[in-house]
Amino acid sequence: MNSNTLCEAGAARLANVLPLCTLVKELDVGDNFFGPAGAGLLSKALPLCPILTHLMMRQDEIGPQGVQYLVDVLPLCAVLEHLDLNSNCIEDHGVALLASCLDRCASLAHLDLSNNSIENVGAAWLSGALSRCPSLKMLVLRGNGMGREGAASLSQAFVHCKSLEHVDLGFNDIGDEGLLAVCKAAVMGSCLRELNLESNSLTHVGASSLANTVACVERIRNVNLRGNSIGNGGVSGLVQALMTRTEKFVCDARENGITDD
8 MNSNTLCEAG
18 AARLANVLPL
28 CTLVKELDVG
38 DNFFGPAGAG
48 LLSKALPLCP
58 ILTHLMMRQD
68 EIGPQGVQYL
78 VDVLPLCAVL
88 EHLDLNSNCI
98 EDHGVALLAS
108 CLDRCASLAH
118 LDLSNNSIEN
128 VGAAWLSGAL
138 SRCPSLKMLV
148 LRGNGMGREG
158 AASLSQAFVH
168 CKSLEHVDLG
178 FNDIGDEGLL
188 AVCKAAVMGS
198 CLRELNLESN
208 SLTHVGASSL
218 ANTVACVERI
228 RNVNLRGNSI
238 GNGGVSGLVQ
248 ALMTRTEKFV
258 CDARENGITD
268 D
C-alpha cells in the first residue's frame, strides 16, 4: 500500500478492512498523505491485527498529533518488532510522546525515526526511554541534526540498553565531541556492534577517539565514517588500532580527504 497517494479517506477504508485481515504480519503504508487524522483512523485498527510484526509509515505526514494516536495503541500490538516513522515531521514533541510508550512495546527490535527534525531536546527524551526497551536492537536516527548534545544524551542510554547493537547517527552533525561521548559509552559497557557516523563533521580528533575505542572494544565490528574529514592522520590512527585486534573490523572511510601523501 506504499506510494499510493492515499489521504485520510484512504486511511479510513484501510482501517475498515484491516480487522478482517487477521493474518497480516507486515503493513507498509509509507509515502502516502495520511496526515494526523489518517494516522488516527488507521491506529484504531492496528490492535485488531494480532500477528502484526512490521509497521512502516515513513513519509506519511503524521506529525506529533499522529504520533499521539499511535502511542495509544502501540503497546496493544503485542508482537510488533519493526516500527518505521521516517520523515514524518514528528519533532521533539512527537519523540517525547513516543518515548512515553516505548517501555510497553516489549517486542520492539527496530525503530527508525530518521529525518524527523529531532534535536537535542528530543534526543534527551529518547535517551530516557531507551534503557527501558528490553528488545531494541537497531536504532536509526539519520538526518535529525541533534548535534553533539543530542549524541551525548543518547550515549548515556547506550550503556544501559543491553540489547542495542546497531545505531545509525548519520547526518546529525555530532562532531568530535559527540563521537567522544559515543566512544565512552562503548568502553563503559554498551553492546554496540555497528555504528553509522556518516557525514557528522568528524576530524582526525574524533577518529583518534574511535581508534582508541575499537582497539580495546572488539565487539564493535562495523563503522561507517563516510563523508567526514578525518584525513590521513585519522585513518593512520585507525589502521594502527586495527593491528591490535583479533576480531574482524570493517570501516567505510570514503570521502574523508585521504590522500597518497
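Residue numbers (my numbering): 8 to 268. Virtual Cβ for every residue (Gly too), placed ideally from N, Cα, C.
> Which of the three DSSP states, helix, strand or coil, is assigned to Val-102?
Replying inline: helix
> Sorted by chain position, which residues of the same chain lie with C-beta nearer than 6 Å to Leu-77's C-beta, five sequence neighbours on each side aside?
Replying inline: Ser-50
>> Suppose you measure from the CA of Leu-118 to the CA of Ile-265; what does that come to, to the nearest Å?
In response: 34 Å
> For Leu-232 versus Leu-249, is the C-beta spacing smaller than 9 Å?
Replying inline: no
> Under 9 Å between C-beta atoms, does Asn-123 make it to chain C?
Replying inline: In summary, chain C is missing from the structure at hand, where a single protein chain is found.
>> Which of the three DSSP states is assigned to Asn-245 in this structure?
In response: Going by the sequence as given, residue 245 is Leu instead of Asn. Residue state, collapsed to three classes: helix.
> Can the beta-carbon of Gly-154 be found closer than 9 Å to that of Gly-129?
Replying inline: no
>> On the DSSP letters alone, give me the boundaries of the alpha helix (DSSP H) that Glu-254 sits inside.
In response: Glu-254 -> no alpha helix (DSSP H), and no H or E assigned at all.
> Leu-87 and Leu-120: beta carbons closer than 9 Å?
Replying inline: no
> Between Ala-116 and Ala-136, is the Cβ-Cβ spacing less than 9 Å?
Replying inline: no
> Taking all protein chains shown into account, do 16 or more other C-beta atoms lie within 10 angstroms of the C-beta of Leu-205, making it buried, or fewer, making it exposed?
Replying inline: As written in the sequence, residue 205 is Glu, which differs from the Leu given in the question. It counts as buried.
> Unbroken alpha helix (DSSP H) runs of length 4 or more, entirely within the region 31-62: which are they?
Replying inline: 42-52
>> Which of the three DSSP states is assigned to Asp-269 in this structure?
In response: Absent from the structure is residue 269, since the part of the chain shown begins at 8 and ends at 268.
> Taking buried to mean at least 16 other C-beta atoms within 10 Å of its own C-beta, is Asn-123 buried or exposed?
Replying inline: buried
> Thinking C-alpha only, which one of Asn-229, Val-212 and Phe-256 is nearest Gly-244?
Replying inline: Val-212
> In three-state terms, what does DSSP make of Glu-201?
Replying inline: strand
> Considering only C-alpha positions, which residue in the set Gln-75, Ser-208 and Leu-146 is nearest to Gly-152?
Replying inline: Ser-208
> Since Leu-148 and Asp-175 are thought to touch, with beta carbons under 8 Å apart, how far apart are those beta carbons, to the nearest angstrom?
Replying inline: 6 Å
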